[in-house]
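**Student:** Got a structure here, written out as structure tokens. Questions coming.
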Amino acid sequence: MTSKERLLVYPYMPNGSVADRLRDYRNGKPSLDWSKRMRIALGAARGLLYLHEQCNPKIIHRDVKAANILLDGNFEAIVGDFGLAKLLDRQESHVTTAVRGTIGHIAPEYLSTGQSSEKTDVYGFGILLLELITGPKTLSNGHGQSQKGMILDWVRELKEDKRPDKLVDRDLRDSFDILELECSVDVIIQCTQTNPMLRPKMSEILHALEANVTLAETSVELNREPLPYGVPRSFSVRHEDPHDSSSFIIEPIELSGPR
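Sequential numbering of the sequence shown, starting at 1, is according to UniProt numbering.
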């Protein structure tokens with residue numbers, strides 16, 4: 001190295017990316033079981049929360065997808081690949097640039113206007129969470145923006161019909177938690193609303209996911225049956241018509257700790 005050259009060092013991620021592991025099978029089973037997938041979702045949410053709400057200036061990643069979430073030796077999620085990231089002053093609501101990113105993961109307002117904000121990352125997180133639930137078929141069959149829109153319509157229909165279990169990767173062979181699944185489907189629908197102003201913040205998303213994991217763990221410890229569809233969870237979600245984007249709202253929460 002010289003005074004004009006710098007070496008960028010990244011920690012080694014022995015488990016590659018989430019996209020790699022979703023396609024990986026060991027002894028005939030997916031290498032990412034349900035609990036690992038939910039832990040990855042939590043880790044990715046914490047990473048994006050840090051970028052959006054704890055950095056000054058805040059950072060918009062702009063390319064949130066399974067291939068850009070890396071996994072360490074313990075399968076902990078690390079948000080990676082900041083090649084498209086933008087700094088955003090806290091007084092600014094968005095930045096306008098040429099459209100970059102991965103088709104199918106790009107928020108509609110960014111694709112049409114070039115305006116990106118933290119809510120474009122929220123949209124990408126919703127697609128990431130969908131990929132974690134459905135497995136490789138979403139990655140391989142929904143590359144285009146129109147195909148991804150059809151998949152999101154399918155998610156809303158299954159939510160409305162109270163059949164979210166049809167979304168789950170078949171290779172998991174029914175080894176999933178229904179409480180965590182229902183919460184995740186709600187979060188996906190909220191994150192992928194067409195109007196970015198209606199999408200929740202990452203702090204709200206993380207609060208919902210953490211609360212539901214705690215509820216699921218408590219149900220297991222007490223040997224209780226999962227709550228039936230439609231019973232309120234420990235986080236506040238109002239859901240009426242899944243096709244009405246305004247009917248999916250998480251109430252704001254106060255995030256403790258340093259910002």
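C-beta: ideal position from N, C-alpha, C; glycine also.
Mind reading off the beta-carbon distance from Leu70 to Ser17? Whole number of angstroms is fine, and I expect it under 8 Å.
**Tutor:** 6 Å
**Student:** Between Lys36 and the rest of its own chain, which residues show a CB-CB distance below 6 Å, the 5 nearest in sequence each way excluded?
**Tutor:** Phe75
**Student:** Could you check if Cys55 is buried or exposed, using at least 16 other CB atoms within 10 Å of its CB as the buried criterion?
**Tutor:** Here Cys55 is exposed. Its C-beta has fewer than 16 other C-beta atoms within 10 Å.
**Student:** Touching or not, the segment 167 to 186 and the segment 110 to 128, by the rule of three or more beta carbon pairs under 8 Å?
**Tutor:** no
**Student:** According to DSSP, is Arg199 part of a helix, a strand, or is it coil?
**Tutor:** coil
**Student:** Determine whether the beta carbon atoms of Ser184 and Leu129 lie at a separation below 8 Å.
**Tutor:** yes
**Student:** How far does the beta strand (DSSP E) with Leu71 in it extend, from its first residue to its last?
**Tutor:** 69 to 71
**Student:** Decide if Thr134 is buried, meaning its Cβ has at least 16 other Cβ atoms within 10 Å, or exposed.
**Tutor:** Thr134 comes out buried.
**Student:** Tell me which residue opens and which closes the beta strand (DSSP E) that Val18 is part of.
**Tutor:** No beta strand (DSSP E) contains Val18, which is instead part of the alpha helix (DSSP H) from 18 to 22.
**Student:** Look at the alpha carbon of Arg23 and the alpha carbon of Val79, and state the distance between them as a whole number of angstroms.
**Tutor:** 19 Å
**Student:** What residue ranges within the segment 31 to 80 form continuous alpha helix (DSSP H) runs of no fewer than 4 residues, ordered along the chain?
**Tutor:** 34 to 49
**Student:** I'd like to know whether the C-beta atoms of Pro196 and Glu53 end up nearer to each other than 8 Å.
**Tutor:** no
**Student:** Using the C-alpha atoms, what's the distance from Asp72 back to Glu193?
**Tutor:** Just to set this straight, residue 193 is Gln in the shown sequence, not Glu. The straight-line gap from Cα to Cα measures roughly 31 Å.
**Student:** From Asn15 to Ala77, what does the alpha carbon distance come to, in whole angstroms?
**Tutor:** A straight-line Cα-Cα distance of about 10 Å links Asn15 and Ala77.
**Student:** Give every residue of the same chain whose Cβ lies closer than 7 Å to the Cβ of Arg46, excluding the five residues on either side of it in the sequence, and list them in chain order.
**Tutor:** Leu206, listed in sequence order.
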